[in-house]
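Undergrad: This is the structure I want to talk about, given as structure tokens.
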Amino acid sequence: MAKRIVLACMDRRLNAHLDENYNDGNTLFLRNAGANAHCLLQSIGNAVNSGEIDSIVVLGHTDCGAMKVVFDAIVNRNGSYCNGIRDKIVNLFEDYGYLKHAGERLQGLDPVQRSRAEASVRRRLEKRNVDLQVGFLKGLTRSFPHVKVEGSLVDLKKINALNLTGNGRHAIVLSRECGSRFDRMCSIANTDPHETYVLESRDIKETITDLQLAVEVLHIRDIRLVAPDSALKDGLASDLEFLKGMSSGFLKGSDIAIAQA
Ligand SMILES: [Zn+2]
Numbered sequence: 001m002a003k004r005i006v007l008a009c010m011d012r013r014l015n016a017h018l019d020e021n022y023n024d025g026n027t028l029f030l031r032n033a034g035a036n037a038h039c040l041l042q043s044i045g046n047a048v049n050s051g052e053i054d055s056i057v058v059l060g061h062t063d064c065g066a067m068k069v070v071f072d073a074i075v076n077r078n079g080s081y082c083n084g085i086r087d088k089i090v091n092l093f094e095d096y097g098y099l100k101h102a103g104e105r106l107q108g109l110d111p112v113q114r115s116r117a118e119a120s121v122r123r124r125l126e127k128r129n130v131d132l133q134v135g136f137l138k139g140l141t142r143s144f145p146h147v148k149v150e151g152s153l154v155d156l157k158k159i160n161a162l163n164l165t166g167n168g169r170h171a172i173v174l175s176r177e178c179g180s181r182f183d184r185m186c187s188i189a190n191t192d193p194h195e196t197y198v199l200e201s202r203d204i205k206e207t208i209t210d211l212q213l214a215v216e217v218l219h220i221r222d223i224r225l226v227a228p229d230s231a232l233k234d235g236l237a238s239d240l241e242f243l244k245g246m247s248s249g250f251l252k253g254s255d256i257a258i259a260q261a
């Protein structure tokens, strides 16, 4: 049984870093857009209630796409994001005064100054996100005082991941097994780990907003449900049915399939 939860962003550039530094066989990985604990209440609650978990680590990162969406929606007032993304991701930062007023501070800057100032606002937002998720998880685990909650912001420059080739073409959604190595998952799915976003939850319904972001913002059309061992196959079949049931909506035109070891 897992002793630790690592809640990380689904970003493809974190795959190798997580494998190398956190994948110790005793870790339950949960991953979504922006390492958002609010969207994973069921998975986190069940794991903590089992009594096995003694720590939770939240890992946000620099150059985070989910935080770019938040920035774009709040600072640039881009109203085109769907309700799911607004409700579950953007609205967490509604009361963040610093971000709300960042647009005024950016006005009148020349392009070079503006891009530097934007980068600094985004970095502050990324840190704020980790603090927000850690605070939320501390509240959530209040009746489990032995559970230690901490968070950090992974600097993609420091882990040499900023210039990984490609733009991300695939998404893997894991809802049954959240402890396997990501390089193995990608090899089963026959995708390049540098190109593969990974969503992990114990309940496929918890990943819908993140899938929406993968499809609508990242333009990913190739979605794989991975079964690292054949015992998980039946569960994945029902997840596949669930996703196919939505294929008239935002998943229209997506290629969704199970990949088996
Ligand atoms: Zn991210």
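Going by our numbering, the first residue of the sequence shown is number 1, and it counts up by one from there. Backbone N, C-alpha and C fix where the C-beta goes; we use that ideal spot for every residue, glycine too. These numbers were taken from a predicted model, which means no experiment stands behind them.
#1: Measure the C-alpha to C-alpha separation of P228 and H146 and round it to an integer number of angstroms.
#2: Beta carbon of F270, beta carbon of V130: below 8 Å?
#3: Can you look up S180 in the DSSP assignment and give me helix, strand or coil?
#4: If you measure from the CB of D110, is any heavy atom of ligand 1 nearer than 7 Å?
#5: Starting from the Cα of K205, find the closest Cα among L232, P193, G84 and H17 and give me that residue.
#6: Mapping the DSSP letters down to three states, classify I5 as helix, strand or coil.
#7: From G25 to H17, what does the alpha carbon distance come to, in whole angstroms?
#8: Out of I208, I188, T209 and V173, point me to the one whose CA is closest to R236's CA.
#9: Spatial neighbours of I223 within its chain, please: CB distance less than 6 Å, with the 5 preceding and 5 following residues excluded, ordered by chain position.
#10: Does the beta carbon of D72 fall short of 7 Å from some heavy atom of ligand 1?
#11: Quick one: grab the DSSP three-state call for K148.
#12: Using the beta carbon as the reference atom, which residues fall closer than 6 Å to any heavy atom of ligand 1, ordered along the chain?
#13: Can you tell me whether DSSP reads R31 as helix, strand or coil?
#14: Pick helix, strand or coil for H38, following the three-state DSSP scheme.
#15: Please state the DSSP three-state secondary structure of L174.
#16: Using 8 Å as the Cβ pair cut-off and three pairs as the minimum, do the segment 3–14 and the segment 192–205 touch?
#17: How many angstroms separate the CA atom of N190 from the CA atom of G97?
#18: Between the alpha carbons of S274 and D239, how many angstroms are there, rounded?
#19: Using the Cα positions of R262 and R221, report the straight-line distance between them to the nearest angstrom.
#20: Helix, strand or coil for S248, going by three-state DSSP, please let me know.
#21: Measure the C-alpha to C-alpha separation of R169 and N163 and round it to an integer number of angstroms.
#22: Can you tell me whether DSSP reads R142 as helix, strand or coil?
TA: Inspection of the coordinates gives the following:
#1: 32 Å
#2: No statement about residue 270 is possible, as the shown extent of the chain runs from 1 to 261 and does not include it.
#3: coil
#4: For D110, the Cβ stays outside the 7 Å cut-off from all heavy atoms of ligand 1.
#5: G84
#6: strand
#7: Roughly 15 Å separates the two Cα atoms.
#8: It is Leu, not Arg, that sits at residue 236 in the sequence shown. For the residues I208, I188, T209 and V173, the minimum Cα distance to L236 belongs to V173.
#9: A171, S254 and I256
#10: no
#11: strand
#12: Counting only heavy atoms of ligand 1, the residues whose C-beta sits closer than 6 Å to one of them are, along the chain, C9, D11, G34, H61, C64, G65 and A66.
#13: strand
#14: helix
#15: strand
#16: Touching, yes.
#17: Straight-line Cα distance between these residues: approximately 44 Å.
#18: Lying outside 1 to 261, the shown extent of the chain, residue 274 is not represented and no answer is given.
#19: Any property of residue 262 remains undetermined from this structure, which presents the chain solely from 1 to 261.
#20: coil
#21: 16 Å
#22: Three-state result, R142: coil.
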